[in-house]
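Note sheet for the following structure.
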Amino acid sequence: MWQGVIPAVTSKFNEDDSLDFAEMRRCFALQIDAGVDGLIACGSLGEGPMLSHEERIGVLRTCIEVAGARPSLLTVAEASTRDACALAEKAARAGAAGLMVVPSTIYHSDHRETVAALRAIAAAGDLPIMIYSNRLAYRVDVTVEMMEELADDPRFVAVKESSDDIRRSTEIINRLGRRYDLFTGVDNLAFEALAVGAIGWVAGLCLAFPHETVAIYRLVKLGRHAEALSIYRWFRPLLDLDVSTYLVQNIKLAEALAIHSNERVRAPRMPLAGERRARAEQTILQAMATRPELPRLV
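Terminal number for the sequence shown in my numbering: 298, no gaps in between.
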């Protein structure tokens, strides 16, 4: 159902902490113009948990406006199943193409509870769902066994695999074949995941470097692995910025430098400062100074 590069977009703020929809439209359009295959609103990178439901629906509507026929998904990541179901219903009414669903972000549910919560959210929204499995960030592992159990519900169509263990991608395919559209959600494992069978990339650094991200994906799919790997090796120090407690600040700094956006985040986050900022800025500027010439894609 879904494939390709689908970035998890950042939410943009004005100086008064309100949402900056004009800047979001500009930044999202850069992604679409570069050839991404959809947009995902209000994930971790989009500071979804810091936004009200009303704000999240506003960001989703902006994605839909800019993406047009390409799918716009809303991330559902709530502490309680009740609130997750309410958000899923709102997303459906707003016209979301689907949901990316994270298990409870506060209570670390067990196998039975996780499956029950995911089923409840699917029923509430009645939309296609990308299961977001990230045991490192959220401490709930949506295992291959759970995916197999959920496979009887056709609304579960995709998996964003972010376990940080590249072996998991092969395990999913070995167990379930192509039952789910398999996406990688770890930027600095993207080439590896695509090489072993992922058909999509939920990307982060794509927000600052969309053409390079799209080129890597398309070259892999064309079988031009050496060319893709050359770009990926250049990209790798940047991609490491996605795998960090400070991924939001890191990527917003990259957006500020590469596409002239801003670094505003919602408190308690603050923009990078000191040595941490200096290291990230050096990485970004070095990459910008050595940007590879991208090959022609047909």
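Glycine residues also receive a C-beta, built at the ideal position from the N, C-alpha and C atoms.
| task | Mind listing, in chain order, the continuous beta strand (DSSP E) runs of no fewer than 3 residues lying wholly within the segment 100–164? | result | 129–133 and 156–161
| query | What residue ranges within the segment 203–248 form continuous alpha helix (DSSP H) runs of no fewer than 4 residues, ordered along the chain? | reply | As far as the segment 203–248 is concerned, its whole alpha helix (DSSP H) runs of at least 4 residues are 210–221 and 225–239.
| task | Using DSSP bridges, identify the partner residues of S80. | result | Answer is none; S80 lacks a bridge partner.
| Limits of the beta strand (DSSP E) - the one that D181 falls within | D181 to T184
| said: Which residue marks the beginning of the beta strand (DSSP E) containing I199, and which one marks its end? | reply: Careful: I199 lies outside any beta strand (DSSP E) and carries neither H nor E.
| said: Give the list of continuous beta strand (DSSP E) stretches no shorter than 3 residues that lie fully inside the segment 10–76. | reply: 39–41 and 72–76
| query | Which residue's Cα is closest to the Cα of P7: G35, F28, D17 and L39? | reply | L39
| Is it buried or exposed for G185, if we count other Cβ within 10 angstroms and need 16 for buried? | G185 should be labelled buried.
| request: Kindly indicate the opening and closing residues of the alpha helix (DSSP H) around N174. | output: R167 to L176
| query | Expressed to the nearest angstrom, what Euclidean distance is found between the alpha-carbon atoms of D240 and E89? | reply | 35 Å
| Residues that DSSP places opposite A8 in a beta bridge | I40, per the DSSP bridge assignment.
| request: Take V76 and list the residues in its own chain whose beta-carbon comes closer than 8 Å to its own, dropping the five residues that flank it on each side. | output: A84, L87, A88, A91, L99, M100, V101, V102, I121 and G125
| message | Checking 8 Å against the spacing of the C-beta atoms, do A215 and L297 come in under that value? | response | yes
| task | For D20, I'd like the list of residues in its chain whose CB is within less than 7 Å of its CB, leaving aside the five on either flank, ordered along the chain. | result | K12, F13 and N14
| query | Under three-state DSSP, which class holds G95? | reply | coil
| Looking at the unbroken alpha helix (DSSP H) that takes in M309, where does it start and where does it end? | Since the first residue shown for the chain is 1 and the last is 298, residue 309 is missing from the structure and cannot be characterised.
| field | Among S80, A94 and L45, the one whose alpha carbon lies nearest that of L60 | value | A94
| Using a Cβ-Cβ cut-off of 8 Å (strictly less than) and excluding sequence neighbours within five positions of L176, which residues of its own chain qualify? | V144, M147, E148 and A151
| message | If contacts are defined as beta-carbon pairs under 8 Å, then I251 and L205 qualify, I think. What distance do you get, rounded to the angstrom? | response | 6 Å
| query | Does DSSP classify L87 as helix, strand or coil? | reply | helix
| Supposed contact pair L73 and M130 - C-beta distance, whole angstroms, cut 8 Å | 7 Å
| Same chain only: Cβ atoms within 6 Å of I106, ignoring 5 sequence neighbours per side | Hits under 6 Å: A79.
| field | Distance, R70 Cα to A41 Cα | value | 13 Å
| Nearest to E255 (by Cα), restricted to the options G4, L285 and T245 | For the residues G4, L285 and T245, the minimum Cα distance to E255 belongs to L285.
| query | Using the rule of at least 16 other Cβ atoms within 10 Å of the residue's Cβ for burial, across every protein chain shown, is D16 buried or exposed? | reply | Counting Cβ neighbours within 10 Å, D16 comes out exposed, since fewer than 16 surround it.
| task | Put N188 into one of helix, strand or coil per three-state DSSP. | result | helix
| task | Out of Q249, G274 and A287, point me to the one whose CA is closest to L45's CA. | result | Among Q249, G274 and A287, the Cα nearest to that of L45 is on Q249.
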